[in-house]
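Notes to accompany the following structure.
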Amino acid sequence: MVFRIHFECTDLARTTIAQRPDPLWEVLLGLHILQGDEEPELFGAWRERARSRLSALEQELLALTPPVGYSPDFLTPRAAGDGLDAGLTAVAATPAVQLRSELRRLSDSVRLPAWTRRLATGDTKVMSRLVHGLRSFHRTKIAPQMPMIATTIQPAVARHNDTVASNGFESLIPELHQSLRWEAPVLSVDTPHIDRDLYLEGRGLRLVPSFFCWKYPMMLLDPTLPPVLVYPVRHDPGAPEVVVRRPDRDRAVADLLGKTRALVLKGISIGACSTSELAARVGISMASASEHARILHDTGLVTTHRIGSSVRHSLNPVGADVLSGIRT
């Protein structure tokens, strides 16, 4: 079967090579690798450790990322090319109509848990939990590999840049992957399960190198989204196995939420408290404690109840998952 990408003259001028992996594509493809048994020499140790250390937030991602077939496009937005934070912001801003459409398509091939129905309606608390899960998986399972991944990706991308500069786009295609074939004006991708056409119509194509893309290049399904082709970078057979580094848990929570907000969340985890009690626990002003507690409540990590003229903040299961799930 063949996926055919149709170019116009302007598309060639607008085709670009990403200089580094896309963080959310690496998350998605890492989740695929996690659920299979491919390339045990390279991924075996990483997969075994990662499987045994998935937090509850990370485990929920598996429902949306089956190792074979369709995964929702909204998990890998174009903004992720600008970094993880930009990508996660774009995921959180996915329109409800896109969520409904893509989750409905996914439900045609896999059985989805009940929480995805709330996600499909644009429920902000469920979306916040999903975003925290994506961030956690990247931080604990992908980011520790980046120094090693960079030693694979950077030389490959440098060669690709040189090829385009010296010999043009046509000469680049056989370098990228054996499944790619250029017969102007069509770039064909031999795949085991996709037979369709994508017309770029002047938008160009973004070529993205990937470490966790292990066999075939990957594309988005929705033809209206910015076109992207994620291609596997050949791994050095002598490269060390991917390993999982155990991060400092307190530092990871602070990196996830920000130092002060992490302290506020940990302060609430000690036990339900008023805003004044929280301020005293953390050593911040009442106004600051109130604002941080509000944000944690709005993002679904904390539950706030009003009792008369005062409020009580308590940790809910999502917040507990964040505190306990930032681990390898």
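Per UniProt numbering: the sequence shown = residues 1 to 328.
By construction, the Cβ of each residue, glycine as well, lies at the ideal position given by its N, Cα and C atoms.
Owing to the predicted nature of the structure, the values given are computational and were not obtained by experimental measurement.
Buried versus exposed call for residue i [16 or more other C-beta atoms within 10 Å across all chains shown]
i, result
"residue 127", "buried"
"residue 270", "exposed"
"residue 114", "exposed"
"residue 246", "A caution first: residue 246 carries a pLDDT of 48, below 50, which makes its placement in the model too unreliable to give a value."
"residue 153", "buried"
"residue 142", "buried"
"residue 275", "buried"
"residue 27", "buried"
"residue 319", "buried"
"residue 210", "buried"
"residue 317", "exposed"
"residue 307", "exposed"
"residue 186", "exposed"
"residue 32", "buried"
"residue 47", "buried"
Enclosing beta strand (DSSP E) for residue i [first to last residue]
i, result
"residue 8", "That residue, residue 8, is in no beta strand (DSSP E); it is neither H nor E in DSSP."
"residue 189", "186 to 190"
"residue 260", "Per DSSP, residue 260 belongs to no beta strand (DSSP E); it is in the alpha helix (DSSP H), 259 to 269."
"residue 33", "Here residue 33 belongs to no beta strand (DSSP E); instead the alpha helix (DSSP H) covers 23 to 34."
Opening and closing residue of the alpha helix (DSSP H) in which residue i lies
i, result
"residue 153", "146 to 167"
"residue 89", "84 to 92"
"residue 180", "Premise fails: residue 180 lies in the beta strand (DSSP E), 180 to 183, not in any alpha helix (DSSP H)."
"residue 131", "124 to 137"
"residue 52", "40 to 52"
"residue 298", "286 to 298"
"residue 313", "Where residue 313 is concerned, there is no enclosing alpha helix (DSSP H), although the beta strand (DSSP E) it sits in stretches over 310 to 315."
"residue 303", "It is not in any alpha helix (DSSP H) - residue 303 instead sits in the beta strand (DSSP E) that spans 302 to 307."
"residue 101", "96 to 107"
"residue 115", "115 to 120"
Cβ distance (whole Å) where residue i is taken to contact residue j below 8 Å
i, j, result
"residue 74", "residue 191", "About 22 Å; that fails the 8 Å criterion."
"residue 123", "residue 81", "Residue 123 to residue 81, Cβ: 27 Å. No contact."
"residue 302", "residue 268", "6 Å"
"residue 200", "residue 11", "4 Å"
"residue 61", "residue 7", "Contact flag wrong, Cβ pair sits at about 34 Å."
Residues that residue i bridges to, as DSSP identifies them
i, result
"residue 17", "207"
"residue 197", "4"
"residue 229", "207 and 219"
On the three-pair Cβ rule with 8 Å, is the stretch 31 to 44 touching the stretch 81 to 95? The stretch 31 to 44 and the stretch 81 to 95 do not touch, with fewer than 3 CB-CB distances between them shorter than 8 Å.
Quick check: the stretch 167 to 182 against the stretch 63 to 72, are there 3 or more CB pairs under 8 Å? Taking 8 Å as the limit for Cβ pairs, the verdict is that the stretch 63 to 72 does not touch the stretch 167 to 182.
Quick one: any contact between the stretch 206 to 214 and the stretch 14 to 27, if contact means 3 or more CB pairs under 8 Å? Flag = yes, the stretch 206 to 214 and the stretch 14 to 27 touch.
Please confirm if the stretch 271 to 289 is in contact with the stretch 95 to 105, defined as three or more CB-CB distances below 8 Å between the two stretches. No: fewer than three Cβ pairs fall under 8 Å.
Are the stretch 51 to 66 and the stretch 132 to 147 touching, with three or more C-beta to C-beta distances below 8 Å? By the criterion of at least three beta-carbon pairs nearer than 8 Å, the stretch 51 to 66 is in contact with the stretch 132 to 147.
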